[in-house]
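Enquirer: Would you mind keeping the following structure in view while I ask a few things?
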Ligand code: ATP
Ligand code: MG
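In our numbering, the protein residues as written are 15 to 426.
Take a look at the structure:
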């Protein structure tokens, strides 16, 4: 993509009301735009990252048998009354239709849709287990929305719902989901700072599990056992003051962001909707359920919180908007154009800074801000040696590489 044609422009300063690093950097670089508190447009550059995150998640969900569907955002009041959450969920957006005078909720989560939906398709033990998921926008009337895209009033979530004949089957799938979440966060580059965290299990299960990523912007406090690489959420630390794996009391208090959450719902939602199945003997049982969420905007924001410096973002290669940022400095457009064509033909995703009115300093500063993994600078000086200067974002060292050898150097 040619930088001269991008819909957005970079800015030197961030909007005054933005406090968090993720919002400041993502806004300055033209990845997102704040429409109002907690509501963001994802711009073309940001959407490239978002789509990569989405692809990582989708691949892992499919690998554990997830079938993708898409449920509506507009929900009937009756479903939410059945679970007691029309009144009970304080961050549910509710409103009345002007024409029909009917009440609706904007989906904050989808148990109220997926459980009645499953009633149409689950009747017998032969219909179980089932796993469905979606990647879809949620609406929550969050009290505070000051953490940039970490906490939105509208945001995208991957939510998977599993249906089982008994707790044993639910438990086994829950462990699979745990492993799959570990893979997702590793692939997204934050595996090293993300901890499986024991959290409250609600009324049904002893624990739920969160995936918490260490960072200063985090709104949660966790106590971690570095040896076992697990943590306990502060909300249950009174009941669980030692490491649940090794029993150590030597836990470290840290700030973290909850990037994902898995929960054994058991029969909490199958009961109000009477979602049952018949066993081999023809006897009725409530279906056992689990739910598994990941916030996509939050994950994207967390990656920025973890990987940035005072100059800008430092994208892990797996989610970077482009693999390579080609900068053409003054008087090199002919050679740089050619190189860009070659890279494109080889299938290397490149952002090409072909802008004519920007100084070298401005181009280099923008490259640092945008944070693409490889920076390739073509200048008159490098061309004297038929070369380009390559540098990894986040590292100081630069290297002069023959233009003919460029793609192999980048792949290595
Ligand atoms: P939190 O405790 O942070 O309010 P939650 O426990 O209510 O989140 P869940 O209902 O479990 O969150 O949602 C699943 C995932 O969706 C969370 O792990 C998080 O990654 C994401 N998420 C939840 N609320 C938001 C939000 N307001 N903005 C962005 N992502 C969110
Ligand atoms: Mg939570």
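All C-beta atoms in this analysis are idealised placements derived from N, C-alpha and C, irrespective of residue type, glycine included.
Measuring CB to CB, does residue 317 end up less than 8 Å from residue 337?
Expert: Here residue 317 refers to the residue found at position 303 when the chain shown is read from its first residue. Here residue 337 refers to the residue found at position 323 when the chain shown is read from its first residue. Their beta carbons are not under 8 Å apart, which means residue 317 does not touch residue 337 by this criterion.
Enquirer: Quick check on residue 327: does DSSP put it in helix, strand or coil?
Expert: In the chain shown, counting from the first residue as 1, residue 327 sits at position 313. Three-state result, residue 327: strand.
Enquirer: Let me know the secondary structure DSSP gives residue 90 once reduced to three states.
Expert: Counting from 1 along the chain shown, the entry for residue 90 is found at position 76. Residue 90 falls in the strand class under three-state DSSP.
Enquirer: Across the region 24-42 and the region 121-138, are there enough close Cβ pairs to call them in contact, namely three or more that are closer than 8 Å?
Expert: Result no; under three Cβ-Cβ pairs closer than 8 Å.
Enquirer: Which residues have a Cβ closer than 6 Å to any heavy atom of ligand 1, listed in chain order?
Expert: Checking every Cβ against the heavy atoms of ligand 1 under 6 Å gives 123, 154, 156, 165, 166, 169, 171, 272, 273, 274, 275, 307, 308, 309, 311, 312.
Enquirer: Measure the alpha-carbon distance for residue 254 versus residue 227 and round it to whole angstroms.
Expert: For this step, residue 254 is matched to residue 240 along the chain shown. For this step, residue 227 is matched to residue 213 along the chain shown. C-alpha separation (whole angstroms): 20 Å.
Enquirer: Taking DSSP as the reference, what is the three-state secondary structure of residue 44?
Expert: Translated into the one-based positions of the chain shown, residue 44 becomes position 30. Looking at residue 44 - three-state DSSP - the assignment turns out to be coil, as it is neither helix nor strand.
Enquirer: Would residue 148 pass as a contact of residue 82 if the rule is Cβ separation under 8 Å?
Expert: Counting from one through the chain shown, the residue named residue 148 turns up at place 134. Counting from one through the chain shown, the residue named residue 82 turns up at place 68. Contact: yes.
Enquirer: Tell me whether the beta-carbon of residue 339 lies closer than 8 Å to the beta-carbon of residue 367.
Expert: The residue given as residue 339 occupies position 325 in the chain shown. The residue given as residue 367 occupies position 353 in the chain shown. In this structure, residue 367 lies closer than 8 Å to residue 339 by Cβ.
Enquirer: Applying the 10 Å Cβ sphere with the 16-neighbour rule, what's the burial state of residue 186?
Expert: Working through the chain shown from its first residue, we reach residue 186 at position 172. Classification of residue 186: exposed, given that the 10 Å Cβ count is below 16.
Enquirer: From the DSSP output, which residues share a beta bridge with residue 157?
Expert: Position 143 of the chain shown, counted from the first residue, corresponds to residue 157. BP columns for residue 157 are empty, so no partner.
Enquirer: Is it right to say residue 195 is buried, meaning 16 or more other beta carbons lie within 10 angstroms of its own, or is it exposed?
Expert: Your numbering for residue 195 matches position 181 in the chain shown. Burial call: buried.
Enquirer: For residue 199, report the span of its alpha helix (DSSP H) as first-last.
Expert: Stepping through the chain shown from its first residue, residue 199 is reached at position 185. First-last of the alpha helix (DSSP H) with residue 199: 181-201.
Enquirer: Of the choices 48, 285, 303, whose alpha-carbon is the least far from that of residue 179?
Expert: Residue numbering aside, residue 179 sits at position 165 when the chain shown is read from its first letter. Of 48, 285, 303, the residue nearest in Cα terms is 303.
Enquirer: Counting pairs of beta carbons, one from the region 115-129 and one from the region 258-276, are three or more of them closer than 8 Å?
Expert: Cβ pair count under 8 Å is below three, so no.
Enquirer: Between which two residues does the alpha helix (DSSP H) harbouring residue 60 extend?
Expert: Taking the first residue of the chain shown as position 1, residue 60 is located at position 46. 58-77 is the span of the alpha helix (DSSP H), which, as asked, contains residue 60.
Enquirer: Mind checking who residue 272 pairs with in its DSSP beta bridge?
Expert: The residue labelled residue 272 in the question sits at position 258 within the chain shown. Residue 272 pairs with 226.
Enquirer: Where do the ends of the alpha helix (DSSP H) carrying residue 416 lie?
Expert: Reading the chain shown from its first residue, position 402 is the one you call residue 416. Per DSSP, residue 416 belongs to no alpha helix (DSSP H); it is in the beta strand (DSSP E), 412-416.
Enquirer: How would you label residue 169, buried or exposed, when you count the other beta carbons within 10 angstroms and need 16 or more for buried?
Expert: Here residue 169 refers to the residue found at position 155 when the chain shown is read from its first residue. Buried, since its Cβ has 16 or more Cβ neighbours within 10 Å.
Enquirer: Which complete alpha helix (DSSP H) runs does the region 368-402 hold, if anything under 4 residues is left out?
Expert: For the region 368-402, whole alpha helix (DSSP H) runs of length 4 or above, ordered along the chain, are 374-384, 394-397.
Enquirer: Work out the CA separation of residue 23 and residue 417 for me, nearest whole Å.
Expert: Walking along the chain shown from the start, residue 417 turns up at place 403. Walking along the chain shown from the start, residue 23 turns up at place 9. Cα to Cα, the separation comes out at about 29 Å.
Enquirer: Please report how far the alpha carbon of residue 405 lies from the alpha carbon of residue 395, in whole angstroms.
Expert: Here residue 405 refers to the residue found at position 391 when the chain shown is read from its first residue. Here residue 395 refers to the residue found at position 381 when the chain shown is read from its first residue. Each residue's alpha carbon lies about 16 Å from the other.
Enquirer: I'd like the span of the alpha helix (DSSP H) that includes residue 264, first residue to last.
Expert: Here residue 264 is taken as the residue at index 250 of the chain shown, counted from 1. Looking at the DSSP string, residue 264 is not in any alpha helix (DSSP H), and its letter there is neither H nor E.
Enquirer: Roughly how many angstroms lie between the CA atoms of residue 420 and residue 64, to the nearest whole one?
Expert: Position 406 of the chain shown, counting from 1, holds the residue named residue 420. Position 50 of the chain shown, counting from 1, holds the residue named residue 64. Computed Cα separation, rounded: 28 Å.
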